Structure formats: C-alpha cells, structure tokens
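Here's the structure we're looking at; comments come further down.
Chains as they are written, first to last, in the numbering used here: chain R, 563 to 675; chain B, 7 to 121.
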C-alpha cells in the first residue's frame, strides 16, 4: 500500500507564475489536508478537503490560493501569481476517516525566485 | 484557541543516552489528541507516537514514550538509548475535538545525537 504521494518534490517558479502542487492520498483515504511549513517553523494548517468538497479552508490565504480534490485524480493546491513569501514546504496528509491519524506525504518544496 | 509550545530550539544528547523533548499545550477542548512527528533532513514527516487526552496510561512505541501530565498540560517525548539516526527535527502536534480536524504544530526541536 503506497503512502501519500506528492509531486513534484521540488518546484521552482519566478514571481508572478502559477504553482500547482499535487497530492495523491493513500488508497482508501478520502480526507486530505494541506499544510505549509515556512523555514524554521512548524507546519501550519491550510485546508481540509473531502472528495469534491472543501470542508475547512480557515488556514488558506484569501487571495491567490485555491485547493480542490476532484472525484477522480489527485488533490491540487494551486498558487497563482506566486511571490517570494510563498517559498515554503507544502505538505499533504490523508486519513481514512475525519478523526483518524493523518499520514503525511514527503512534501513539495516551492522556491520562488 | 489551540496552542503548542516547544521551548527547546536545539538539544544535544550522547549516543545511547536518553533525552526528553518538551511540549506544552493549551486547549479548551475536553477531548484532544497529542502527536509527535520526526522530520529528518530529507524533509518527510514521520509519525512517532500518539496520546489521547482520556488515555489512562502514557503511550509507548519502542524507544519512544510520551510523558503525559494532563494537569500541567505537558506531553514530553522521551527517547531512550539514542541513536545517530535520531538526529532530526521533532514536532509536537495537537488535534482538538471541537476545532475540526486540523493539526496544530509546535515550532519544533532540533535534536543532535553525538557519537
């Protein structure tokens, strides 16, 4: 049973470009969570999704950031018009039920030049 | 509001010795879970141990044990017989019953095991 998969592992973008981060949850998991880790900090919650639904986006910046988890395919975290401050590691986690342990992916390290 | 505090930015321990990593938390939820994760230099987050707020006994997983003191709101991680491979960042995290399913993480402790 493969773990949570994220790609790409490293992503470099110039200011103003778009970044698309993908997360494939573990098999049988329908709950996905995105977290951001700024340098020298702990992970901060961004958004919680179930298939086709956003359940909690209280940690997501109001502008430029969006997330989806379609019926088919991976969850996508999209950052439009990236700025240097978006440089961080973005982690995805999944769980089979809402109150179960979350399994983390390896993260995507976004660098904005 | 939920808050996790890790006051030790860096710790050193001699190989084969035990080390305690501190974690205190603040929550108004009657039921919550406490977690520890290890983040090696490669960057992935590795789950280590879980403690439920109503668990009567302290959690243990191999060389990891959680010293849970509910009245003091502390959930310290104890690593026994440290190994060189234990060198990593360690994060304490909490999830509350009434605050959705998001985790709240501390700022982490960097552990270095000295041979």
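For each residue, glycine too, the CB sits at the ideal point set by N, CA and C.
Every value quoted in this text rests on a predicted model; they were computed, and no experiment measured them.
Query	Result
What's the C-alpha gap between residue 616(R) and residue 20(B)?	46 angstroms
Output needed for residue 658(R): all residues of its chain with C-beta closer than 6 angstroms, excluding positions within five of it in sequence on either side, in chain order.	590, 591
Any C-beta of chain R sitting closer than 7 angstroms to the C-beta of residue 113(B)?	yes
Who are the neighbours of residue 627(R) on chain B, taking C-beta pairs under 7 angstroms?	Near residue 627(R) there are no residues of chain B at all, since even the closest Cβ is about 16 angstroms away, more than 7 angstroms.
Let's see if you can read the secondary structure: which residues bound the beta strand (DSSP E) around residue 93(B)?	Counting along the chain, residue 93(B) falls outside any beta strand (DSSP E), and DSSP gives it neither H nor E.
Indicate whether the contact test is met: 3 or more Cβ pairs, each with one atom in the segment 646–660 of chain R and one in the segment 572–587 of chain R, closer than 8 angstroms.	yes
Residue 6(B): buried (16+ other C-beta within 10 angstroms of its C-beta) or exposed?	Given a span of 7 to 121 for chain B in the structure shown, any question on residue 6(B) remains unanswerable.
Got a sec: is the Cβ-Cβ distance from residue 51(B) to anything in chain R below 7 angstroms?	yes
Assuming residue 70(B) and residue 90(B) form a contact by the criterion Cβ under 8 angstroms, report the distance between their Cβ atoms to the nearest whole angstrom.	Actually they do not touch by this definition, with Cβ atoms about 16 angstroms apart.
For the segment 66–95 of chain B, which residues have a CB atom closer than 8 angstroms to at least one CB atom of chain R, in sequence order?	none
DSSP state of residue 571(R), grouped into three classes?	coil
Comparing alpha-carbon positions, which option in 30(B), 82(B), 11(B), 44(B) lies nearest residue 116(B)?	44(B)
Using a Cβ-Cβ cut-off of 8 angstroms (strictly less than) and excluding sequence neighbours within five positions of residue 123(B), which residues of its own chain qualify?	Outside the modelled stretch of chain B, which goes from 7 to 121, sits residue 123(B), for which no answer is possible.
Any contact between the segment 21–39 of chain B and the segment 73–88 of chain B? By contact I mean 3 or more CB pairs, one from each, below 8 angstroms.	yes
What does residue 669(R) touch in chain B if you count any residue whose Cβ is under 8 angstroms from its own?	49, 50, 51
When you check each C-beta in the segment 643–660 of chain R against every C-beta of chain B, which residues fall closer than 7 angstroms?	651, 653, 660
When you compare the CB of residue 604(R) with every CB in chain B, is at least one pair closer than 7 angstroms?	yes
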